[in-house]
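K.L.:
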Amino acid sequence: MQDALTQQQQKLDSLQTADKQHFIHPFTDSKGLAEKGTRVIERAEGVYLWDVMGHKLLDGMAGLWCVNVGYGRQSIVDAVAKQMQQLPFYNSFFQCSHPPAIELAQKIASLAPKHMNNVFFTGSGSESNDTNLRMVRRYWDLKGKPSKKTIISRDNAYHGSTVAGASLGGMSGMHEQGDLPIPGVVHIAQPYWYGEGNGLSPEAFGLQAAQALETKILEVGEDNVAAFIAEPFQGAGGVIIPPSTYWPEIKRILAKYDILFILDEVISGFGRTGKWFAAEYFDLQPDLITIAKGMTSGYVPMGGVIVSDKVADVIKQDCGEFTHGFTYSGHPVAAAAALENIRIIEQEQLIERVESDTAPYLQSRLQELAEHPLVGEVRGLGMVAAIELVKDKELKQAFDSAVGVGTFCRDACIKHGLVMRSVGDTMIISPPLTMTHNEIDELVAKATLALNDTYEYVQ
Ligand code: PLP
23 MQDALTQQQQ
33 KLDSLQTADK
43 QHFIHPFTDS
53 KGLAEKGTRV
63 IERAEGVYLW
73 DVMGHKLLDG
83 MAGLWCVNVG
93 YGRQSIVDAV
103 AKQMQQLPFY
113 NSFFQCSHPP
123 AIELAQKIAS
133 LAPKHMNNVF
143 FTGSGSESND
153 TNLRMVRRYW
163 DLKGKPSKKT
173 IISRDNAYHG
183 STVAGASLGG
193 MSGMHEQGDL
203 PIPGVVHIAQ
213 PYWYGEGNGL
223 SPEAFGLQAA
233 QALETKILEV
243 GEDNVAAFIA
253 EPFQGAGGVI
263 IPPSTYWPEI
273 KRILAKYDIL
283 FILDEVISGF
293 GRTGKWFAAE
303 YFDLQPDLIT
313 IAKGMTSGYV
323 PMGGVIVSDK
333 VADVIKQDCG
343 EFTHGFTYSG
353 HPVAAAAALE
363 NIRIIEQEQL
373 IERVESDTAP
383 YLQSRLQELA
393 EHPLVGEVRG
403 LGMVAAIELV
413 KDKELKQAFD
423 SAVGVGTFCR
433 DACIKHGLVM
443 RSVGDTMIIS
453 PPLTMTHNEI
463 DELVAKATLA
473 LNDTYEYVQ
């Protein structure tokens, strides 16, 4: 036993050393990482992860909001292996195609809102939003309105990490690095009632936040605006769910002006809200939907843009090339993984189960945490939620960021065998859609222990 532990420790030490010497991690403070040592995850099954030391962790984040069907799906492994043997790669440029990509495009069209029947494939959410930027500009050029170039987004949005993705996003920390956003991308305020509601009712605040879109369209000029981009609820921004008045007002504004609507469903797509797409959940009619993550449950990287008939008819008309695409657009192995992932979701009726059973149970159990002295608000929908930690519940007063309350709580979660992510002092939950009631109970029990530890820390 001791020997096994020593061996595991030696393995961890050598991995951490190599990691420190050679691996530049995304979104990571390298100094902090070097001091603490990276957490090395070695295997996973269902909703659980194991690190190299053998510690078992309940994955409250589905990897990174993506492993919708849970880990260890042999049928996805088999589908991928079979595709690798038959055709590991071919491109879809220059009038070429292959069965998995064709079948996947057709399948996604059947699941998407009725007016959306085409898919452009990419390798990630970021590439998909780059595609959106280029596609909406191409659309307006072909429509004879080349001045329509500007894209309106929102503060604290997350649309990826490439130059276009980070520009479309509204993360100030990302804009500070590398002179972003690029020209032609502007931002309006986010619909974050809990943090920025300023004493307004949620309904009044939702209207006000939506009306910022109209103000911005008028400021930039309708003839210069190509599109509005938004997540149905902001994920990486802290699971910010707009008040009920927000989306209807945005819809009214979008209907009034001739601009395109890009709905970024990289997190919300493929079942997280209890619908295939949050467009249905919020009754929205986007022109383009960004997809990735849950498309393959993260087993293989893949992303895409679901394109409405209105846009596809213009892009696909006889007007020369759309000079855009990626080597791995529609990659056959990724497409095979996506098809099997979707088959599992359908066969196990995961979306119906989320809507009628798992999500209501998760949300009601999480609401119990709202009573905790550290918790200002618990908010959520479907299989996604946020627990906002505050210094003073009554005054909704935040902690000084230097206290690092969210980071402490995240580490306390790990200590108790749970992965939750912290966005500032907001704890995020976005588990696999397969999570059972017992596993939800375990999640809530572990989160409570972590909250108690955190409460002691701030006293
Ligand atoms: N859009 C949203 C809403 C996301 O949450 C993410 C990633 O978290 C992205 C885009 C970028 O996706 P990727 O990391 O696959 O590039």
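Add 22 to a position in the sequence shown, counting from 1, and you land on the number used in the working numbering.
The C-beta atom is built at its ideal place from N, Cα and C for all residues, glycine as well.
How big is the Cα-Cα spacing for Arg95 and Phe115?
P.N.:
Position 73 of the sequence shown holds residue 95. Position 93 of the sequence shown holds residue 115. Approximately 31 Å, taken between the alpha carbons.
K.L.:
What are the partner residues of Arg443, as DSSP defines its beta bridges?
P.N.:
Stepping through the sequence shown from its first residue, residue 443 is reached at position 421. According to DSSP, Arg443 bridges with Ile450.
K.L.:
Is it the case that the Cβ atoms of Leu190 and Leu235 are separated by a distance below 8 Å?
P.N.:
Taking the first residue of the sequence shown as position 1, residue 190 is located at position 168. Taking the first residue of the sequence shown as position 1, residue 235 is located at position 213. Not a contact, by the Cβ cut-off of 8 Å.
K.L.:
Nearer than 7 Å: is that true of the beta carbon of Ser146 relative to any heavy atom of the ligand PLP?
P.N.:
Residue mapping note: residue 146 aligns to position 124 of the sequence shown, counting from 1. Result yes, Cβ under 7 Å from the ligand PLP.
K.L.:
Quick one: is the Cβ of Asn151 within less than 7 Å of any heavy atom of the ligand PLP?
P.N.:
As a working mapping, residue 151 is identified with position 129 in the sequence shown. Asn151: yes, Cβ under 7 Å from the ligand PLP.
K.L.:
With respect to 7 Å, is the separation between the Cβ of Glu253 and the closest non-hydrogen atom of the ligand PLP below this value?
P.N.:
Stepping through the sequence shown from its first residue, residue 253 is reached at position 231. Because some heavy atom of the ligand PLP lies under 7 Å away, the Cβ of Glu253 counts as near it: yes.
K.L.:
For Tyr112, which residues in the same chain have their Cβ closer than 7 Å to its Cβ, ignoring the five residues on either side in sequence?
P.N.:
Numbered from its first residue, the sequence shown carries residue 112 at position 90. Within the same chain, Tyr112 has close Cβ partners Cys118, His120 and Pro354.
K.L.:
Quick one: any contact between the segment 157-166 and the segment 239-255, if contact means 3 or more CB pairs under 8 Å?
P.N.:
Output reads yes: the segment 239-255 touches the segment 157-166.
K.L.:
Please report the straight-line C-alpha distance between Met324 and Lys315, rounded to a whole angstrom.
P.N.:
Residue mapping note: residue 324 aligns to position 302 of the sequence shown, counting from 1. Residue mapping note: residue 315 aligns to position 293 of the sequence shown, counting from 1. Answer to the nearest angstrom: the Cα atoms are 7 Å apart.
K.L.:
Tell me, please, which residues DSSP counts as bridged to His209.
P.N.:
By one-based count along the sequence shown, residue 209 stands at place 187. For His209, which the question treats as bridged, DSSP gives the partners Ser175.
K.L.:
Per DSSP, which residues does Thr312 bridge with? Please list them.
P.N.:
Here residue 312 is taken as the residue at index 290 of the sequence shown, counted from 1. Per DSSP, Asp286 and Val327.
K.L.:
Please name the residue in Gly243, Gly92 and Ser194 whose C-alpha comes closest to that of Ser169.
P.N.:
Taking the first residue of the sequence shown as position 1, residue 169 is located at position 147. Out of Gly243, Gly92 and Ser194, Gly243 has the C-alpha closest to the C-alpha of Ser169.
K.L.:
Looking only at its chain, what residues have a beta carbon closer than 6 Å to the beta carbon of His394, apart from the 5 residues adjacent to it on each side?
P.N.:
Within the sequence shown, the letter at position 372 stands for residue 394. Closer than 6 Å at the Cβ level, and outside the excluded window around His394, lie Leu473.
K.L.:
With 16 other CB atoms within 10 Å as the buried threshold, where does Arg294 fall?
P.N.:
Within the sequence shown, the letter at position 272 stands for residue 294. The residue is buried, with at least 16 neighbouring Cβ atoms inside 10 Å.
K.L.:
Just to confirm, does Trp298 get its C-beta within under 7 Å of one of the non-hydrogen atoms of the ligand PLP?
P.N.:
Counted from its first residue, the sequence shown places residue 298 at position 276. No.
K.L.:
For a test of your reading of the model: does the CB of Ile313 fall under 7 Å from any non-hydrogen atom of the ligand PLP? Yes or no.
P.N.:
Against the sequence shown, residue 313 aligns to sequence position 291. For the ligand PLP, not one heavy atom lies less than 7 Å from the Cβ of Ile313.
K.L.:
Sorry if obvious, but does the Cβ on Asp493 come closer than 7 Å to a heavy atom of the ligand PLP?
P.N.:
Residue 493 falls outside the range modelled here, since the chain spans only 23 to 481, and no answer is possible.
K.L.:
For a minimum of 3 consecutive residues, which ranges assigned as the beta strand (DSSP E) are wholly contained in the segment 401-429?
P.N.:
Runs of the beta strand (DSSP E) inside the segment 401-429: 406-411.
K.L.:
Which of the three DSSP states, helix, strand or coil, is assigned to Arg65?
P.N.:
As a working note, residue 65 is residue 43 in the sequence shown. Three-state result, Arg65: strand.
K.L.:
Give a single yes or no on whether Ile289 has its beta carbon closer than 7 Å to a heavy atom of the ligand PLP.
P.N.:
Taking the sequence shown and counting its residues from 1, one reaches residue 289 at position 267. The answer is yes for Ile289.
K.L.:
Using 10 angstroms around the beta-carbon of Met75, count the other beta-carbons present and answer buried if the total reaches 16, otherwise exposed.
P.N.:
Start at 1 with the first residue of the sequence shown, and residue 75 comes out as number 53. Exposed is the call here.
K.L.:
Could you check what DSSP says for Gln105 in three-state terms: helix, strand or coil?
P.N.:
For the purposes of this step, residue 105 is identified with residue 83 of the sequence shown, where counting begins at 1. Helix at Gln105.
K.L.:
Using a 10 Å radius around the Cβ and a threshold of 16 neighbouring Cβ atoms, would you call Thr144 buried or exposed?
P.N.:
Locating residue 144 in the sequence shown gives position 122, counting from the first residue. It is buried - the Cβ of Thr144 has at least 16 other Cβ atoms within 10 Å.
K.L.:
With three or more C-beta pairs closer than 8 Å as the rule, is the segment 427-438 touching the segment 42-49?
P.N.:
No, the segment 42-49 does not touch the segment 427-438.
K.L.:
Please list the segments of the alpha helix (DSSP H) lying wholly inside the segment 334-408, counting only runs of 4 or more residues, in order along the chain.
P.N.:
Counting only runs of 4 or more, we get 354-369, 372-375 and 381-389.
K.L.:
Between the C-alpha atoms of Leu391 and Lys468, what's the straight-line distance to the nearest angstrom?
P.N.:
Reading the sequence shown from its first residue, position 369 is the one you call residue 391. Reading the sequence shown from its first residue, position 446 is the one you call residue 468. Near 11 Å, if we compare the C-alpha coordinates of Lys468 and Leu391.
K.L.:
Using the beta-carbon count (16 or more within 10 Å), is Phe283 buried or exposed?
P.N.:
By 1-based counting over the sequence shown, the position of residue 283 is 261. By the neighbour-count rule (16 or more Cβ atoms within 10 Å), Phe283 is buried.
K.L.:
Could you check the C-alpha separation between Glu416 and Val397 for me, to the nearest Å?
P.N.:
Within the sequence shown, numbered from 1, the residue matching residue 416 stands at position 394. Within the sequence shown, numbered from 1, the residue matching residue 397 stands at position 375. Approximately 10 Å, taken between the alpha carbons.
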